[in-house]
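Enquirer:
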Amino acid sequence: MGNYVLRRLMIAIPSLLGISLVLFCVLALAPGDPFEELATNPNVPPEVRAALRAKFGIDDPVFVRYFRWLAAMAQGDWGFSFVSRMDVDQLILQRLPATLFVVGLSQLLAIAIAIPVGVFAATRPYSLFDQIASTLAFVGFSLPTFFTGLLLILLFSITLDWLPFVYRSDIAATGWRWWWEQFRQSIMPISVLGFFQAASMTRYVRSAVLDVIRLDYVTTARAKGLGEKVVITKHVVRNALIPVVTLVALQMPAIFGGAIVTEQIFRIPGIGALLISSILANDTPVIMAVTFVFACLVVFFNLVADVLYGWLDPRITYR
Amino acid sequence: MEEKDIRGLISQVKDGSMDRRAFVRTMVGLGLTAPMATMMLLHSGVAMSQVKSTYSATKRGGGGPLKVLWWQGATLLNPHFAVGTKDQDGSRVFYEPLAGWDNEGNLIPILASEIPSRENGGLAADGMSVVWKIKPNVRWHDGKPLTADDLVFNWEYARDPATASVTVGSYKDVEVEKIDNLSVRVKFKKPTPFWADAFVGVRGMLIPKHLFGEYMGAKSRDAPNNLKPVGTGPYKFVDFKPGDLVKGEINMDYHMPNRPFFDTIEIKGGGDAVSAARAVIQTAEYDFGWNIQVEEEVLARLERGGKGKAVVTPGGNIEFILLNNTDPWTEVDGERSSMKTKHPLLSDPAVRKAMALLVDKKSIEQHIYGRAGIATGNFLNSPPRFNSKNTVWEFDIEKAKKLLDDAGWKPGADGVREKGGKKLKMVYQTSINSPRQKTQAIVKQACQRAGIDLELKSITASVFFSSDVANPDTYTKFYCDIEMYTTTMTEPDPGLFMNQYCSWEVATKENKWQGRNICRWVNKEYDDLYRASEGELDPVKRASMFIRMNDLPCGDPTIIPVMFRPRVSVNVDNLVPFLSGWDIDMGSIQEWYRKA
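Protein chains in written order, with the numbering used here: chain H, 1 to 319; chain L, 1001 to 1596.
#1: Say whether chain L places a C-beta atom closer than 7 Å to the C-beta of alanine 297 (chain H).
#2: Using the Cα positions of valine 1568 (chain L) and threonine 135 (chain H), report the straight-line distance between them to the nearest angstrom.
#3: Roughly how many whole angstroms lie between the Cα atoms of phenylalanine 1379 (chain L) and aspartate 1360 (chain L)?
#4: Should glycine 1243 (chain L) and isoleucine 1281 (chain L) be called a contact, given that it needs their Cβ atoms to be closer than 7 Å?
#5: Closer than 7 Å, CB to CB, is aspartate 1573 (chain L) near chain H or not?
#6: Let's test the definition: count the other Cβ atoms within 10 Å of the Cβ of proline 1136 (chain L) and tell me whether it reaches 16, buried, or not, exposed.
#7: Please confirm if the region 1556-1576 of chain L is in contact with the region 1226-1242 of chain L, defined as three or more CB-CB distances below 8 Å between the two stretches.
#8: Take leucine 155 (chain H) as the anchor and find which of L:Asn1251, L:Trp1071, L:Arg1278 and L:Phe1094 has the nearest alpha-carbon.
#9: Using a Cβ-Cβ distance under 7 Å, would arginine 65 (chain H) count as near chain L?
#10: Considering only the alpha carbon of each residue, which of L:Ala1441, L:Asp1142 and L:Leu1552 lies closest to asparagine 1427 (chain L)?
#11: Assign methionine 1039 (chain L) to one of three DSSP states: helix, strand, or coil.
#12: Does the region 1175-1182 of chain L come into contact with the region 1072-1082 of chain L, if we say contact requires no fewer than three beta-carbon pairs (one atom in each stretch) closer than 8 Å?
#13: Could you work out which residue in L:Lys1419, L:Arg1542 and L:Ser1588 is closest to aspartate 1089 (chain L) when comparing CA atoms only?
#14: Would you mind stating whether leucine 1607 (chain L) and leucine 1323 (chain L) have Cβ atoms separated by less than 7 Å?
#15: With a cut-off of 7 Å, does the C-beta of isoleucine 324 (chain H) fall near any C-beta of chain L?
#16: To the nearest angstrom, report how far apart aspartate 1160 (chain L) and leucine 1206 (chain L) are at their CA atoms.
#17: Taking only the alpha-carbon atoms, compute the straight-line gap between aspartate 1019 (chain L) and threonine 1026 (chain L) and give it to the nearest angstrom.
#18: Can you round the beta-carbon distance between tyrosine 167 (chain H) and arginine 95 (chain H) to whole angstroms, since I take them to be within the 8 Å contact cut?
#19: Name the chain H residues that come within less than 7 Å of phenylalanine 1564 (chain L), Cβ to Cβ?
#20: List the DSSP bridge partners of isoleucine 1321 (chain L).
#21: Aspartate 1585 (chain L) and glycine 1308 (chain L) - do their beta-carbons sit closer together than 7 Å?
#22: Relative to chain L, which residues along the region 83-110 of chain H have a C-beta separation below 7 Å, given in chain order?
#23: So, do the region 87-104 of chain H and the region 298-307 of chain H have three or more beta carbon pairs nearer to each other than 8 Å?
#24: Isoleucine 968 (chain L): buried (16+ other C-beta within 10 angstroms of its C-beta) or exposed?
#25: Taking the alpha helix (DSSP H) that methionine 73 (chain H) belongs to, which residues open and close that run?
#26: Count the other CB atoms within 10 Å of the CB of aspartate 161 (chain H); is the residue buried (16 or more) or exposed (fewer)?
#27: Over what stretch of residues does the alpha helix (DSSP H) that includes glycine 1535 (chain L) continue unbroken?
#28: So which residues of chain L does phenylalanine 165 (chain H) contact, with C-beta pairs closer than 9 Å?
#29: For serine 1631 (chain L) and chain H, any beta-carbon pair shorter than 7 Å?
#30: Counting along the chain, where does the alpha helix (DSSP H) carrying lysine 1241 (chain L) start and finish?
#31: Within its chain, find whatever has a CB closer than 8 Å to the CB of glycine 1063 (chain L); leave out the 5 residues flanking it on each side and keep chain order.
#32: Short check: CB of valine 1046 (chain L) to CB of lysine 1014 (chain L), under 7 Å?
#33: Mapping the DSSP letters down to three states, classify alanine 1435 (chain L) as helix, strand or coil.
#34: Is it buried or exposed, arginine 1520 (chain L), if we count other Cβ atoms within 10 angstroms and call 16 or more buried?
#35: In chain order, which continuous runs of the alpha helix (DSSP H) of length 4 or greater are located wholly inside the region 170-219 of chain H?
#36: How would you write the range of the beta strand (DSSP E) that proline 1065 (chain L) sits in, first residue to last?
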C-alpha cells in the first residue's frame, strides 16, 4: 500500500512538470502586460516600466523564464506577485481557508443529500419519491451556479433582506455571534454549490445502487434473513459507492472551478477570486501558481480515489 | 477665449462681480482643469477659498464602522507603488500628502500648515522654488514625529529609478532641501508654473523614513511595511488582504481636531460594479461604492425606493474619437500607420469635418451614459459645460452630406461615396465595453445615412490597452482608421496631458509605440505653443495657450470629443462623503461623516 502510494506520487511528478510547461507557455503566449496601467499614465516615464520589466525578468525568452520559475519552485519559492509585490505563497495561503471552507462544506452538504436520497430512490424505483427526486435533480444540474446564486441574492438579500450577500473574511464579533454571522453569510454560497453537486450526485448514487441491488448476493443476503436495513447499508451501499467515489474525487477540481464563479458573485476571498483578479491584471506568477495548485489537486484526488477503492472493496489490491 | 478675456474675468472675480466658482467652471468648460483655474486666481492675488466641508462632529470617533466597497480591491499599500486608484485609495486611509485638491481646484492643507503663496513667502517670484511648511506635532502611528527629514526621504526614495516607484515623475526633476525641522524647499530645474505636484495629492503621500529608510532602491520590495502601513492618517492599520480587504481603526492622535468620525474603516474588494451598487443602494450592507460604471437605466432602477443614491463627481476624463492621419493599411519599414504615409481618405479635411458632424452626442448621452456622461463638443466654442444644459455641438447629417458633395465624394451604386476610385469605407475600433459598442453603433448608423461605410471592430480591453509590441491591435499602434477610448486627465495640471498632440510624441516603431501622440497629428503652431507653455510663468497667459492648444486638434478635427465622463459613486443616504474630481475618492477621508 505504502509502496503503491509512493509509486503513484513518483508518476505524478512528470505529469505535473508537463502541466506546468503547458501552463507557462500558454500564459507566455497570452496577450497583456502586468504594467499596462503604467503605460497609459502620462506621469510615469517609460523607463520606470522598462526597469520594472527588467527587474521581474519579463523581457527574457520564455524558456529562460520557465526554468527560472521551475528552479525557484523546486526550492519552495512560489514567486513574487507583480501586482501586490508580495510572495505568491503568502497570497495563496491567505485565500485558501475561505475556499476550503466553502468548497468543503458544500461537498459535505452534497454528499449528505445525495446518498440518502439516491439510495432511498433506488430502493423504490419509479415511486412518487423517486419521480420527485429525479425531477429536482434534473432541475438542479440544469441551472448553472451563477444563475442560482443571483436568484438567491435577489430573493434572500434584496427582496426579503434576511441574509447579507457580501462575504466578509473578518467578522467583527466573537463567540456565538461570530458563528451566527458566519452561518448567515456562508449559507447562500454553500447551498448554491452544494445543491448543484448534489443534483448530479443523486443520479449517480441512484443508478449505482440500482445496479447492485439486483445482484444475486443481495438476494442471498435477504434469503439469509438479514434485515432490510443491514442489507442496504452493509451490502448494497458499500459496493455501490465505488463508482460514486470516483465521481466525487474526480469532480473535486471541477468544484474548485465552479467555486470561482460563486466566489466572484458572493465576493468570497478565495483562490478562485484571486485567480480571476490576477488574470485581469496579467499577474503571471499568481496565475501560474493558482492553476498549478489546481493541477496538483486533480492529481491528488485521483490518488485519493484509487486508495479509497481498496478500502471499499478489499478484493482490489495494489501492485 | 483670449488672454485678455481671461484677465477680464479674473478682474471681475477680484472686484466681486463674478463668483469664483463660476470662473472655475468657465475655465473647466474651456478644457482646463479646476486646479489650474485656482492657480490663475491665486497668481492674480485672489486667495483660495476656504474648503467648504460640512463636517459637524464635535468629537473624535463614536461614528461606528465605515464600510465601503471597492469592486477592485487594493492590491498593495505603499503609495509610491500604487498603480491604480484602487491602490491609491487603500494607501490614502493610512498615508497623507501635504495637501489635496477639492472639487473646485482649491488646495486643502493636510499635513502642510499652510498653502504656499506669494504673500506668505512660500512661492518664489522666479517660479524656481516653493517652500512647504508642515504642521508641528504631527506623529506617525507609531509615535515618532513627522519632520522635514521624512519629506526629503520621500523625494529620494521616489526618484531613485531602482525603486521603480510610480511616483517618480513628480520627483525626478526637482530637488528637495531641508530648511529646518518643519520646512523644506522644493527647487525646480526651470521656472515651473505648476508647483503643486510633489508632495501633493495622490503622488504626495508620505511614508516614514524610520521604517522605509533601509529599503531604498532595489531593496524596496523587501520592506516589511509595504504590507503594514504606518502613516499619519486618520486611521491606523489593522489588517490587509490584497484584493480583498483593507481594515483600519481610529487614530486617536490624529492631527485634525474632532476627526475622524468613524471608529473603524473597512474597504472590501471584489465582485462587480452592479452588485456593489446593489449592496449600497438596495440593502445598505455597505456605506459607499466606488467607481460605479453602470448603465443609467440599471442605476435608476436600483435607486427607485432604495436606501442610497448615486453621486456624480466631475473630473477630467474624456471619451473621444481619434482620426488617423497616416495610412493604417500600408506597411512601410515594418510598421503600418507610418509617419511616411498619409491617410487616403481622412487626409481630406472635408471627410474629417463630416465625421465630426456625424457623431450624435445627444443620443449617446441620453441613451447610453446618462448621468455618467456629459456631451462635449468643440471645447472652445461650447459654453461652459456646467452652466448650460443646451451645450452646442453639431450633429447634422445634411450638412455632412453637403460637405462631402462639395469635396467631390459622390455616392456610388451601393450608397457608399467614392472619389477617384477610392470608396469611403473605414474601420472604427474600440475596446470591448458595452457603452462603447453602443456608441459605435450610433456613429455607424449616422455615417451610413451620409454615405460613409464604417466597419466596427472591438478588441478585448486587456489587449487594446496593453503595450505589447507584438500585438497589432493595441491602441497606440492604431492600425485602424478611427478609434475611440477615454483619456484620463487625473493630473491637476494639463501640461503633461496636452503633450499628446506634440509632433515629437508620435507613437512609432522606433519608440516601441510608446509615444503619446496616437492620431499622429503634426501641427507646427501646436508644437510652438506647447514649447512656449512649458516655460510660461504667468498662469493666465499659459491658460490661454492651453485653450488654443485644445482648439487646434478639435477644430482640425483630428479628434472628436464625445463624452465628458464624470466619476460615479454610490452612497447610503445618511453618509456624507467628501469627494473631488481632482483627487481620489479617499482624498479627504478625514472629512467623511454620517448624518444623525
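Cβ atoms here follow ideal geometry from the backbone N, Cα and C, with glycine treated the same way. Given the structure is predicted, the values throughout are model-derived calculations rather than measurements.
Expert: The answer reads as follows:
#1: What sits at residue 297 (chain H) in the sequence shown is leucine, not alanine. Output row for leucine 297 (chain H): interface = no.
#2: 45 Å
#3: Only weak support exists for where phenylalanine 1379 (chain L) lies, its pLDDT of 45 falling under 50; the coordinates are left without a value.
#4: no
#5: no
#6: exposed
#7: With contact defined as three or more Cβ pairs closer than 8 Å, the region 1556-1576 of chain L and the region 1226-1242 of chain L are not in contact.
#8: L:Arg1278
#9: no
#10: Strictly speaking, residue 1427 (chain L) in this sequence is valine, with asparagine absent from that position. Among L:Ala1441, L:Asp1142 and L:Leu1552, the Cα nearest to that of valine 1427 (chain L) belongs to L:Ala1441.
#11: helix
#12: no
#13: Of the candidates L:Lys1419, L:Arg1542 and L:Ser1588, the residue whose Cα lies closest to the Cα of aspartate 1089 (chain L) is L:Ser1588.
#14: This structure cannot speak to residue 1607 (chain L), because chain L is shown only from 1001 to 1596.
#15: One cannot answer for residue 324 (chain H) here, as it falls past the ends of chain H, which runs 1 to 319.
#16: 15 Å
#17: 11 Å
#18: Tyrosine 167 (chain H) to arginine 95 (chain H), Cβ: 12 Å. No contact.
#19: Correct list: empty, because the minimum Cβ distance to chain H is about 18 Å.
#20: L:Met1484 and L:Ile1560.
#21: no
#22: Listed in chain order, the positions of the region 83-110 of chain H with a beta carbon within less than 7 Å of a beta carbon of chain L are Val83, Ser84, Arg85, Met86, Leu91 and Gln94.
#23: no
#24: Past the edges of chain L, shown from 1001 to 1596, lies residue 968 (chain L), and the structure says nothing about it.
#25: 62-74
#26: The residue in question, aspartate 161 (chain H), is exposed, as its Cβ has fewer than 16 Cβ neighbours within 10 Å.
#27: 1524-1535
#28: Close to phenylalanine 165 (chain H), with beta-carbon spacing below 9 Å, are these residues of chain L in chain order: Ser1275, Arg1278, Ala1279, Thr1283 and Glu1285.
#29: Nothing can be reported for residue 1631 (chain L): it is not among the residues displayed for chain L, which extend from 1001 to 1596.
#30: The continuous stretches of alpha helix (DSSP H) do not include lysine 1241 (chain L), which lies in the beta strand (DSSP E) extending over residues 1235-1241.
#31: Ala1057, Pro1260, Phe1261, Phe1262, Asp1263, Tyr1593 and Arg1594
#32: yes
#33: Reading the sequence as shown, one finds proline at residue 1435 (chain L) and not alanine. Correct three-state label for proline 1435 (chain L): helix.
#34: buried
#35: 175-213
#36: 1065-1070
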